[in-house]
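Have a look at the structure below, then the notes.
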Amino acid sequence: DAGVTQSPTHLIKTRGQQVTLRCSPKSGHDTVSWYQQALGQGPQFIFQYYEEEERQRGNFPDRFSGHQFPNYSSELNVNALLLGDSALYLCASSFMGQAIYNEQFFGPGTRLTVL
Amino acid sequence: QQQVKQSPQSLIVQKGGISIINCAYENTAFDYFPWYQQFPGKGPALLIAIRPDVSEKKEGRFTISFNKSAKQFSLHIMDSQPGDSATYFCAASSGGGSTLGRLYFGRGTQLTVWP
Chain H
94 DAGVTQSPTH
104 LIKTRGQQVT
114 LRCSPKSGHD
124 TVSWYQQALG
134 QGPQFIFQYY
144 EEEERQRGNF
154 PDRFSGHQFP
164 NYSSELNVNA
174 LLLGDSALYL
184 CASSFMGQAI
194 YNEQFFGPGT
204 RLTVL
Chain S
41 QQQVKQSPQS
51 LIVQKGGISI
61 INCAYENTAF
71 DYFPWYQQFP
81 GKGPALLIAI
91 RPDVSEKKEG
101 RFTISFNKSA
111 KQFSLHIMDS
121 QPGDSATYFC
131 AASSGGGSTL
141 GRLYFGRGTQ
151 LTVWP
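Going down the list, the sequences are from chains H and S.
Per the working numbering, the very first residue in the first sequence carries number 94; after that it's consecutive.
Per the working numbering, the very first residue in the second sequence carries number 41; after that it's consecutive.
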């Protein structure tokens, strides 16, 4: 049973560029949440997707957008990259039917470096 | 505003000793409190979690103690081993409402276990 997978592993971009990160949830999961983890900090919630819709959003600008596909996989897009966007981007999956238990499983992350 | 406050920032323990990490929260709507373990370059891995209806949960060498009235919870690692050296994050979430499924993380504790 594959866990949460993310691609790519590492990414280097320059300021102003756009980036797309991808996530495949754990088998049986239907909800994907994205988190940003700056160096030395705890993960910060970006947004959550369920039934192909953004259900809730953290305190991140509109430059951050996402999408969920019918197979539950998800993309995170960041436009107009800033140096401060350099971080580890984590995808977490869960099953909404057991939302009250809220067990979220994280992928290995994508390390984004903005130069 | 940090929803979950974690201490200490770093912890050094001798092999065989007890590691204790503490967290505090303010939002009484939180009803799920997980701990995650993260190794360098990896995503957070769910270690153990507790709900407010119990005061303690034990899984192997890991124990969560929960004090609902004080709004505090802690992780105890018994017989600490060098392989436990990692960063530990406490988190909290609500099982309902507009923030369903959103995890709020502490800043993390870097644990080093000396052989």
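Heads up, the beta-carbon is just placed ideally off N, CA and C, and yes, glycines get one too.
Remember, it's a predicted structure, so these values are computed and weren't measured experimentally.
Through-space distance from residue j to residue i, alpha-carbon basis
i: Ser-186 (chain H); j: His-122 (chain H); result: 6 angstroms
i: Gln-14 (chain S); j: Ala-132 (chain S); result: This structure leaves residue 14 (chain S) out entirely; chain S is present only between 41 and 155.
i: Arg-101 (chain S); j: Ser-125 (chain S); result: 14 angstroms
i: Asn-62 (chain S); j: Gly-81 (chain S); result: 24 angstroms
i: Arg-147 (chain S); j: Gln-49 (chain S); result: 8 angstroms
i: Lys-55 (chain S); j: Tyr-165 (chain H); result: 43 angstroms
i: Ile-105 (chain H); j: Val-94 (chain S); result: 46 angstroms
i: Ala-64 (chain S); j: Gln-112 (chain S); result: 4 angstroms
i: Gln-197 (chain H); j: Pro-74 (chain S); result: 9 angstroms
i: Phe-106 (chain S); j: Thr-102 (chain H); result: 36 angstroms
i: Asn-170 (chain H); j: Pro-155 (chain S); result: 44 angstroms
i: Ala-69 (chain S); j: Ala-173 (chain H); result: 36 angstroms
i: Val-44 (chain S); j: Glu-66 (chain S); result: 7 angstroms
i: Pro-118 (chain H); j: Val-97 (chain H); result: 5 angstroms
i: Ser-179 (chain H); j: Thr-107 (chain H); result: 10 angstroms
i: Ser-59 (chain S); j: Gln-137 (chain H); result: 25 angstroms
Start and end residues, beta strand (DSSP E) containing residue i
i: Asn-172 (chain H); result: Looking at the DSSP string, Asn-172 (chain H) is not in any beta strand (DSSP E), and its letter there is neither H nor E.
i: Phe-73 (chain S); result: 73 to 78
i: Asn-62 (chain S); result: 59 to 65
i: Leu-114 (chain H); result: 112 to 117
i: Leu-147 (chain H); result: Checking the sequence, you will find Glu at residue 147 (chain H) rather than Leu. Here the beta strand (DSSP E) through Glu-147 (chain H) covers 146 to 150.
i: Gln-49 (chain S); result: Element bounds for Gln-49 (chain S): n/a, residue is neither H nor E.
i: Glu-99 (chain S); result: 96 to 99
i: Asn-164 (chain H); result: No beta strand (DSSP E) contains Asn-164 (chain H), which DSSP labels as neither H nor E.
i: Phe-106 (chain S); result: 102 to 107
Nearest-angstrom beta carbon gap, residue j and residue i [assumed within contact, 8 angstroms]
i: Tyr-76 (chain S); j: Pro-84 (chain S); result: 4 angstroms
i: Tyr-142 (chain H); j: Gln-111 (chain H); result: Wrong, their Cβ atoms sit about 19 angstroms apart, outside the cutoff.
i: Gln-130 (chain H); j: Leu-181 (chain H); result: 4 angstroms
Simplified DSSP assignment, three categories, for residue i
i: Gly-190 (chain H); result: helix
i: Pro-136 (chain H); result: coil
i: Pro-101 (chain H); result: coil
i: Pro-122 (chain S); result: helix
i: Gly-159 (chain H); result: strand
Within chain A, partners of residue i - CB distance below 8 angstroms
i: Leu-115 (chain S); result: In summary, chain A is missing from the structure at hand, where the protein chains are H and S.
Chain H contacts from the stretch 69 to 100 of chain S (Cβ-Cβ distance under 9 angstroms):
Asp-71, Tyr-72, Pro-74, Tyr-76, Gln-78, Gly-81, Lys-82, Gly-83, Pro-84, Ala-85, Leu-86, Ala-89, Arg-91
The stretch 148 to 181 of chain H: which residues have C-beta closer than 9 angstroms to a C-beta of chain S, in chain order?
Arg-148, Gln-149, Gly-151, Leu-181
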